[in-house]
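Enquirer: One structure is given below, represented as structure tokens, and several questions about it will come after.
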């Protein structure tokens with residue numbers, strides 16, 4: 005049950021052929037990142053994920069975490085795995101070499117991150133957050149702070165967290181009340197934070213908390229928020245760990261899933277903190293971390309769906325039940341058309357999601373490392389546009405796919421020991437943390453579409469139309485894929501035009517249509533990447549490349565997506581065009 | 005959190021105005037079932053559900069059940085609630101008066117059943133199964149058996165179960181191996197059964213198991229299955245409970261949800277059994293029970309969604325977070341358009357599902373009680389057509405809606421103590437037991453559409469077209485609802501015609517398209533009932549009836565369904581028309 009085989013072949017294909025590794029490979033600093041190196045790294049990571057990390061998944065779910073004497077205790081096996089992970093240098097794989105990382109592309113970092121997430125989602129959250137925190141400090145921290153903590157964080161000797169939420173301040177960070185008071189060359193931070201993932205644990209000797217708080221006299225709302233690095237234990241001048249810093253874990257939550265990941269209530273009481281970035285610009289600094297974290301959480305949707313798929317597929321091949329057309333005697337259930345429909349729907353959407361997430365990862369590498377300012381800006385515009393889509397669409401889709409994975413098992417799926425239920429429970433957090441789907445959808449509509457009058461979206465559409473041209477030239481074999489993509493793209497264009505034309509007349513429209521527009525864009529962009537994949541696969545097949553089975557399956561997968569998933573685009577479009585009137589009609593009492 | 009207020013007003017509206025209580029009221033035996041009586045019964049049931057049953061829901065989830073000394077122990081509070089339930093005569097509310105029931109319409113029975121299910125799904129399964137078992141014995145049992153067990157079962161003094169599944173025989177009942185050997189005027193039953201809901205408990209002194217088994221020499225497959233009533237404890241000649249009958253509970257499953265419902269592994273060893281119906285006709289007898297049970301499980305989808313909706317709605321009215329267009333200061337989240345979208349999508353689909361389930365319940369009353377043979381057959385054809393739709397579509401939709409209910413709570417939704425997670429976990433069984441969605445979809449396509457060449461479906465469509473005519477006559481106010489219904493109905497017609505035209509050419513087509521066709525039919529029939537509801541509501545409003553708020557909300561709800569849910573019909577149609585080729589293309593190794 006805990007077996008997991010990383011889909012390294014598909015990952016390599018996406019990295020190489022869709023996210024255009026060869027372009028990234030040309031960027032300064034990434035000259036070593038050849039396809040061969042990527043393949044070798046994926047292979048090594050796959051081994052660690054499958055043989056070391058994956059076997060700890062169930063015990064994390066069963067044992068969970070607990071607070072003992074003011075300290076969170078995680079399963080002992082987690083610590084052993086973590087040691088092996090940081091000794092292999094995996095913690096800093098995509099961090100720059102100057103601060104002790106491996107200096108590999110973020111794109112490759114995403115692929116190996118998917119493996120950790122599939123292997124043990126709960127455990128993987130610890131390095132994910134640590135890397136995000138290190139990145140925020142690297143970008144915005146003072147040199148003093150960097151020299152104090154960064155090397156240890158990148159190496160994974162210390163971990164990091166994000167401390168945003170307070171009981172009254174969830175999606176609404178303007179309501180944050182935690183306080184910071186200047187003290188010498190630093191600050192003293194006081195407040196209570198909730199829902200802090202890996203807020204405390206016993207795997208490392210220190211934890212660096214990134215905490216949003218207000219300095220007295222700061223403006224109200226989000227413009228008065230500053231960001232502080234607050235270590236669990238104080239750090240001596242020589243970098244060693246000193247006294248406890250009055251950072252206390254109050255409790256861990258009793259959750260639906262990710263039981264192996266301690267979700268903490270944290271109390272800070274006059275805890276020594278270091279300002280990160282400028283005063284009152286904390287939110288912007290946090291967003292450095294949050295954009296990566298949002299891509300990472302979107303990727304969790306891919307990863308947990310992949311794991312659920314593998315379990316369901318293996319069960320479907322083994323479980324004998326009933327008879328099927330064209331087969332004599334009882335058959336394994338993979339021969340039943342409706343079971344195949346379920347597996348195909350998982351397979352094609354997982355591949356689509358993976359492609360979109362990695363392609364955005366590739367854009368991010370170029371947005372950071374392309375020497376040309378204008379190209380960098382263009383790449384960043386695409387990253388900005390699609391980050392909420394990766395987060396929102398991949399995680400929403402993961403709800404459906406982990407549910408289908410459970411369904412394939414019939415009654416056994418409902419029994420916890422089978423394992424399908426854990427993936428279903430674990431997946432459920434992904435549409436919530438790092439900004440709910442509502443928040444992603446508002447980000448997409450407000451900041452990423454309306455703010456530039458749809459320009460970044462238009463550029464996306466013209467890239468999709470380029471693929472349409474390629475499909476037109478590729479002959480009849482891919483005509484179903486082409487018509488599906490065209491239909492989806494038209495629905496996207498019409499919906500965005502509708503939004504641009506109507507949003508000023510009614511302030512409720514952006515919010516009311518945002519979810520459907522996000523799902524529409526995800527569906528279309530997913531289909532676009534599957535169409536690109538089918539084009540590449542056709543080329544490989546025409547050239548007589550090896551792995552014929554893989555490329556044929558890729559084309560079938562793209563066909564299934566075009567036939568059974570892309571038609572949702574029209575439904576989303578219709579929902580968008582219905583606007584806000586009906587949604588907003590009822591009085592509170594009428595609900 | 006455990007508060008539950010039965011939506012008695014909506015229930016009464018559906019019973020009276022959509023399921024046409026006035027027609028049922030004319031049938032022999034149901035003359036007393038007036039709208040006033042229905043209202044009074046609903047009110048009494050709502051009180052029991054809200055004040056007595058609902059408060060036991062969380063403790064059932066937390067305490068679960070266990071086996072002690074060969075006996076399942078359920079939470080003590082369940083037994084107290086059960087006593088109160090049977091003392092009120094609720095166990096036999098829709099059973100005929102001759103056998104000790106209340107003799108009320110099945111339609112009314114459904115409504116009160118929805119209340120028990122919303123209040124505590126786990127607990128409600130016990131009376132649900134007992135009533136089904138009693139119904140099978142009433143219909144197919146010998147007079148001797150009936151006089152031995154029926155009165156006690158209808159009164160609820162003893163409960164009943166369905167024992168179908170064995171480890172190798174889930175959806176595939178042909179593989180059942182349990183044996184029955186003639187012994188005097190009865191049989192001795194031996195075998196192991198799994199997934200037996202409420203297979204044992206300590207609420208009553210006896211449990212009557214309905215067990216599928218083979219008598220030696222019986223034909224292979226489902227045509228060799230016979231049905232036996234096997235009591236947990238033997239029954240003496242005077243009806244009192246005698247010695248243990250070698251029916252043992254081996255264990256209870258550790259499940260994702262419905263923790264308060266013991267899911268048992270049962271062992272029968274030479275246990276005394278009574279044949280029900282003819283030898284080797286066991287499956288047909290079991291289906292008597294199963295059709296009711298399937299409607300009942302479909303209703304569970306409605307009930308658990310309703311409970312999830314109430315929790316989410318109340319949270320959305322209370323939780324203050326962020327700012328919304330047109331409001332000054334921070335607002336409760338129900339003012340955010342995307343939260344409203346979530347609540348509206350729950351509300352309108354719950355109302356649609358309830359309407360469809362109850363309307364089928366009304367047809368079932370007429371199918372059993374109409375004095376006219378032809379009308380009875382017509383009503384039964386509609387029941388047969390829509391039973392798999394109610395089971396499959398309502399439970400699949402419940403997965404989405406309980407998930408949305410959790411989402412409305414943001415991070416709090418993922419914390420178990422909030423309660424939203426329990427509904428999400430509990431709901432997950434409903435697409436699995438009493439026949440998975442795959443089985444329902446195959447039943448719909450094979451037995452209910454292809455077998456009669458689409459006739460029952462055509463009759464459904466012509467009834468939908470009648471509603472279209474009424475909408476056309478009702479003026480512009482309902483034009484959006486009308487166009488939604490027309491579009492959905494066209495998609496249904498086209499899809500069924502496609503199936504009829506193509507299924508013979510490819511034996512995989514029925515299975516490959518079945519799920520999408522089931523969801524399509526559910527979506528359209530749900531929209532049809534919402535359109536009928538809007539017509540009725542308009543009439544009430546035009547006549548100046550009280551409850552203006554309720555009727556206005558009903559029309560808005562129907563509009564939202566037409567705008568945001570009905571467009572899915574086109575997507576399902578497209579998936580149906582894609583047939584089976586892509587679905588069946590991959591080799592096993594390519595998955």
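Protein chains in written order, with the working numbering: chain U, 5 to 595; chain Y, 5 to 595. No residue lacks a Cβ here, since even glycine has one placed at the ideal position from N, Cα and C. None of these values were measured; they are calculated from a predicted model.
1. Using only the alpha-carbon positions, how far apart do residue 316 of chain U and residue 304 of chain Y sit?
2. Flag this pair as yes or no: are the beta carbons of residue 584 of chain Y and residue 568 of chain U separated by less than 8 Å?
3. In whole angstroms, what separates the C-alpha of residue 262 of chain U from that of residue 537 of chain Y?
4. Please list the terminal residues of the continuous beta strand (DSSP E) segment that includes residue 235 of chain U.
5. Mind pulling the chain Y residues with CB within less than 8 Å of residue 20 of chain U?
6. Compare the C-alpha of residue 40 of chain U against each of U:530, U:112, U:420 and name the closest.
7. Please work out which residues of its chain come closer than 8 Å, Cβ to Cβ, to residue 387 of chain U, disregarding the five sequence neighbours upstream and downstream, and give them in chain order.
8. Note down, in chain order, every chain U residue with its Cβ under 7 Å from the Cβ of residue 418 of chain Y.
9. So with CB distances below 8 Å, who are the chain U contacts of residue 340 of chain Y?
10. I want to see whether chain U comes within less than 8 Å of residue 563 of chain Y, judged by CB atoms only; does it?
11. Counting only C-beta atoms, is residue 560 of chain U closer than 8 Å to chain Y at any point?
12. Any beta-carbon of chain U closer than 8 Å to the one on residue 343 of chain Y?
13. Using beta carbons (cut-off 8 Å, strictly below), is residue 317 of chain Y in contact with chain U?
14. Provide the residue(s) that pair with residue 252 of chain U in DSSP beta bridges, ordered along the chain.
15. Could one say the Cβ of residue 14 of chain Y lies closer than 8 Å to chain U's Cβ atoms, at least one of them?
16. With a threshold of 8 Å, are at least 3 pairs of Cβ atoms found where one atom belongs to the region 192-210 of chain Y and the other to the region 269-278 of chain Y?
17. I think residue 229 of chain Y touches residue 284 of chain Y, with their Cβ atoms under 8 Å apart; what is that distance to the nearest whole Å?
18. How far does the alpha helix (DSSP H) with residue 428 of chain Y in it extend, from its first residue to its last?
19. Buried or exposed: where does residue 629 of chain Y fall if 16 or more other Cβ atoms within 10 Å of its Cβ makes it buried?
20. CB-CB under 6 Å to residue 328 of chain Y, same chain, minus the five flanking residues each way: which ones, in chain order?
21. So residue 417 of chain U and residue 175 of chain Y are supposed to be a Cβ contact under 8 Å. How far apart are they, rounded?
22. How many whole angstroms separate the CB atoms of residue 18 of chain Y and residue 359 of chain Y, which I take to be in contact at a CB cut-off of 8 Å?
23. Among residues of its own chain, excluding the 5 on either side of residue 138 of chain U, which ones have a beta-carbon nearer than 7 Å to its beta-carbon?
24. By alpha-carbon positions, which one of Y:140, Y:129, Y:523, Y:321 ends up nearest to residue 202 of chain Y?
25. Given this structure, state the Cα-to-Cα distance separating residue 355 of chain Y from residue 487 of chain Y, to the nearest angstrom.
26. Does DSSP classify residue 199 of chain U as helix, strand or coil?
27. Please classify residue 374 of chain Y as buried or exposed, where buried requires at least 16 neighbouring CB atoms within 10 angstroms.
28. If you check the beta carbons only, do residue 50 of chain Y and residue 108 of chain Y fall under 8 Å apart?
29. Can you find the residues in the same chain that come closer than 8 Å, C-beta to C-beta, to residue 433 of chain U, ignoring five residues on each side of it along the sequence?
30. Between which two residues does the alpha helix (DSSP H) holding residue 72 of chain Y run?
31. Identify, in the order they occur along the chain, each residue of the same chain with its Cβ nearer than 6 Å to the Cβ of residue 132 of chain Y, setting aside the five sequence neighbours on each side.
32. Could you list the residues in the region 565-587 of chain U with a C-beta less than 7 Å from some C-beta on chain Y, going in chain order?
33. Suppose the cutoff is 6 Å on Cβ atoms and the five residues either side in sequence are ignored; what does the same chain contact list for residue 269 of chain U look like?
34. Inspect the beta-carbon positions of residue 461 of chain Y and residue 468 of chain Y and report whether they are closer than 8 Å.
35. Who are the neighbours of residue 414 of chain U on chain Y, taking C-beta pairs under 7 Å?
36. Taking the alpha helix (DSSP H) that residue 392 of chain U belongs to, which residues open and close that run?
Expert: So, from the listed chains and residues:
1. 26 Å
2. no
3. 43 Å
4. 230-235
5. Chain Y residues near residue 20 of chain U: none, gap ~20 Å exceeds 8 Å.
6. U:112
7. 295, 364, 367, 368, 371
8. 259, 260, 432, 433, 436
9. 442, 515
10. yes
11. yes
12. yes
13. yes
14. U:271
15. no
16. yes
17. 7 Å
18. 424-431
19. Residue 629 of chain Y is absent from the model: chain Y starts at 5 and stops at 595.
20. 335, 339, 340
21. The Cβ separation is near 13 Å, so there is no contact.
22. 5 Å
23. 99, 154, 157, 158, 164
24. Y:129
25. 20 Å
26. strand
27. buried
28. no
29. 259, 260, 261, 262
30. That residue, residue 72 of chain Y, is in no alpha helix (DSSP H); its beta strand (DSSP E) goes 70-72.
31. 300
32. 567, 568, 571, 572, 574, 575, 578, 579, 582, 584, 586, 587
33. 198, 254, 255
34. no
35. 174, 175, 436, 440
36. 377-412
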